[in-house]
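J.: Please see the structure below; I have some questions.
In my numbering, the protein residues as written are 3 to 81.
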């Protein structure tokens, strides 16, 4: 595992808010090659949060989808 992936795994373990998830996903999507699973997982997470991240409240279904996608991103980074 590369140093960067280890660092991302540590950061991911400390994330507690959806805003942090969004910023983390954007950072990964902007810094890894297009053909990687991490970039794909990060883009999916960011897309699921883009329409709700600036709203004071969001539907539980949308938040659950984002949480699942975040868990998937963490799994890809751990692999």
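Just so you know, even glycine gets a beta-carbon here, dropped at the ideal spot from N, CA and C.
Source: prediction; values computed, not measured.
In chain order, what residues of the same chain lie with their CB nearer than 8 angstroms to the CB of residue 24, ignoring the 5 residues before and after it?
T.: 47, 48, 51, 52, 55
J.: Return the first residue and the last residue of the alpha helix (DSSP H) that residue 33 is part of.
T.: 20-33
J.: Among 20, 21, 27, whose alpha-carbon lies nearest the alpha-carbon of residue 119?
T.: In the structure as shown, the chain starts at 3 and stops at 81, and residue 119 therefore has no counterpart that could be examined.
J.: In chain order, what residues of the same chain have a beta carbon less than 7 angstroms from the beta carbon of residue 31, not counting five sequence neighbours either side?
T.: Counting only Cβ-Cβ distances below 7 angstroms, and skipping sequence neighbours, we find 41, 44, 45, 48.
J.: Cβ of residue 79 less than 9 angstroms from any chain C Cβ?
T.: Any reference to chain C falls outside this structure, which holds one protein chain only.
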